[in-house]
Each structure stands twice: as structure tokens, then as C-alpha cells.
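Novice: Below you'll find the structure I mean.
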Amino acid sequence: MIGQHGGFDQVKYARDFKEGFYGIEACLFDSEEDIQVLQREAQAKGFAVGVHFPLRAGQSELRDALFMDAHDQTSAEAFERIKRELAYMAFLSPTYVLFHYPKPVILDERVDWNVWRFHDTRDYVWEQVYTEAEFQSRSEQVFAWLAAKGKEFHFTPVLEFDALNRYVYGTKFLEDLLQKYPTIKLCLDTGRLFLQEKIDPCFDARKVIQTYTKYAFSIHLKSMKVTASGVEFIHFPVLPEWKPEEGWAPIEDYLTIIRKENPHIKIMFEHRSDQVTDEQLERCYRWVKQLLSEPYESTSSNNSI
């Protein structure tokens with residue numbers, strides 16, 4: 143898959159979208175005309191449309207819906223906002239709708255989060271003021287509500303991990319919830335997972351991938367470089383020459399785990415392809431396909447890229 147952020151970029155579509163790709167993930171479109179272009183292209187070419195909530199820009203001060211906010215009025219407003227957006231985009235028949243989870247993000251006080259990019263201070267809360275019991279109660283509410291809306295509007299609800307704390311990676315609660323609500327799926331973001339491991343000594347990205355890939359609908363695939371000098375090359379296409387020992391994300395390790403746990407997962411190239419040449423972009427696609435196909439050559443046609 144490829145992403146389209148802010149509108150339907152015809153240049154990106156012509157360059158990045160290849161024959162056999164599963165679909166396009168749309169987010170924060172500025173105009174209704176671009177949404178109509180996306181719909182027409184999807185119908186004409188027969189590809190799936192996914193939505194990274196929200197589909198439309200300018201509908202709220204915040205990008206993400208704070209459906210787990212500890213204030214009941216704020217969470218109720220978030221659910222109402224999602225319901226309005228789902229009703230609006232029903233004509234688009236999205237295969238899935240993706241939301242960041244948890245939201246607000248629950249931050250571990252032991253970690254320096256200065257490099258984490260939040261759109262607003264309301265997007266996060268500290269662990270010490272948001273209890274594990276609250277997290278579990280609010281999560282159950284979100285899962286039940288999204289499962290019902292997914293059935294009503296005929297889409298797969300997908301939750302993309304934002305920053306994670308021990309309530310997720312230190313317990314089995316979320317696994318149990320995913321098994322209780324099997325229509326709810328996950329999205330794992332290689333950039334987020336890698337960055338958190340670099341700044342959080344308690345976080346193991348490979349372990350999270352190993353645990354949760356089986357419940358995932360998609361992977362947001364991109365690389366970045368993290369060294370003592372800071373974070374560089376954000377949203378960079380993955381390439382075999384970017385070595386982990388030089389500070390790049392260990393993409394081959396991640397995809398090897400993903401292939402074993404869920405070989406038919408969707409790969410959404412959430413990178414800025416304008417940062418590389420046409421030849422490098424093609425090499426990125428070939429390398430990812432190779433990593434996901436081996437040793438599944440006999441069923442490689444089922445691997446959705």
C-alpha cells in the first residue's frame with residue numbers, strides 16, 4: 143500500500159503506486175474534490191481504500207480523537223466526532239479505518255520523551271495520573287464501541303500503536319482484549335517502535351512485534367536513523383544498505399519476525415519517497431517483497447504489498 147496525506151497527490155500516485163498493490167491509505171484530505179478523485183481511482187483500478195483517521199482536515203482542533211481521555215465529556219466528544227466522520231465517508235466504503243491507540247498516549251515518567259512528536263499537549267498524559275485500571279476500563283469501552291461501529295459501517299477497525307507504556311507491553315491485558323474482540327486489528331509502525339526502543343530502556347521493539355503481529359492488519363513501514371547526534375531521516379524509505387550498526391532501524395529483523403508471525407499482512411509504505419531516486423524506490427519495493435516472500439515462495443502471490 144501507499145499513503146496519501148493531505149490530499150490526492152497525482153505525482154506520488156503515478157510514481158509510488160504499482161500494479162498489484164493492495165490499496166491507498168488516506169489521511170487529512172483538504173478538499174472534497176480530492177476525496178472524489180480517490181473514490182474514482184479506486185473504483186476504476188479496483189484497489190482498496192483505507193482511512194487513517196481523520197479522513198478530512200479541519201474538522202477538529204486535534205488530529206486524533208481522544209477516546210480514552212479520563213474526562214468523560216472529552217471522550218464522549220471524541221466518539222461523537224468519529225461517528226460523524228464514519229457517517230460522512232460511508233460512500234467511500236473504506237476497507238478499514240485506523241486510529242492511534244492509546245489516545246491520549248500514556249507516558250512512562252522514567253523516559254525522556256522530548257524527541258517524540260506530539261501535535262498537542264492534550265495528546266498525552268503521564269502514567270502516574272492515569273491508572274492501569276482506568277486504561278483497562280477505557281480500552282474495553284473503545285474496543286466494544288469500535289467493534290459495533292465496524293459492523294454497522296462495514297469496515298475493519300485498526301488501532302495503531304503510538305508510544306506504549308507497561309500497561310501494554312508489561313501485561314497480557316491487550317492480548318486478551320484482542321482475542322475477545324477479534325474484529326479489532328492492530329497496525330505496527332516500524333519507525334515508532336524503533337524510536338521508542340532507542341529512548342526507553344524498558345522497551346523491546348522486537349518483543350512487541352513478536353507478540354502483536356499476529357493481531358495486526360498492517361505495518362507502517364519506514365526507517366530512520368538515531369545516533370548520539372539525534373534523530374535523522376524521519377519517514378525514510380527502507381533500503382538494505384542502511385545498517386543498524388550505523389544507527390538505522392533493523393528493518394530486516396523486524397520483517398523477518400513479521401513474515402513468520404503473519405506472512406499475509408499488509409505493508410503500507412509510510413515513507414517520503416521524494417527523498418530517494420526512482421532506482422532506490424524500486425529497490426526498496428524489491429527488498430521488502432523478498433524479505434516477506436522467503437521462505438514462502440509457493441504462496442508469495444498472497445503477500446499483500
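Taking the working numbering, the leading residue of the sequence shown gets 143, the next gets one more, and so forth. Here a beta-carbon is modelled for each residue, glycine too, at the ideal position from N, C-alpha and C. Remember, it's a predicted structure, so these values are computed and weren't measured experimentally.
#1: Judging by CA-CA distance, which residue of 367, 402, 380 is the nearest neighbour of residue 387?
#2: Please name the residue, chosen from 296, 261, 235, that lies closest to residue 246 on a Cα-to-Cα basis.
#3: Once you ignore the five residues that flank residue 172 on each side, which residues in its own chain have a CB closer than 7 angstroms to its CB?
#4: Quick one: what's residue 302 bridged to in DSSP?
#5: In three-state DSSP terms, what is residue 146?
#6: Is the CB-CB distance between residue 362 and residue 398 below 9 angstroms?
#7: Report the residue ranges of all beta strand (DSSP E) runs contained in full by the region 325-401; include only those spanning at least 3 residues, in chain order.
#8: Suppose the cutoff is 6 angstroms on Cβ atoms and the five residues either side in sequence are ignored; what does the same chain contact list for residue 194 look like?
#9: When you compare only the Cα positions, how much space is there between residue 373 and residue 258?
#10: Do the CB positions of residue 448 and residue 290 come within less than 9 angstroms of each other?
#11: Using 8 angstroms as the cut-off, can you tell me whether the region 260-275 makes contact with the region 226-241, which would need three or more C-beta pairs spanning the two stretches below that distance?
#12: In three-state DSSP terms, what is residue 292?
Specialist: The short version:
#1: Nearest Cα to residue 387 within the set 367, 402, 380: 367.
#2: 261
#3: 148, 149, 199
#4: 242, 329
#5: strand
#6: no
#7: 327-331, 358-363, 365-369, 372-378
#8: Sequence-distant partners of residue 194 (beyond 5 residues in either direction) whose C-beta falls short of 6 angstroms from its own C-beta, in its chain, are 167, 169, 240.
#9: 10 angstroms
#10: Nothing about residue 448 can be read from this structure; the chain reaches only from 143 to 447.
#11: no
#12: helix
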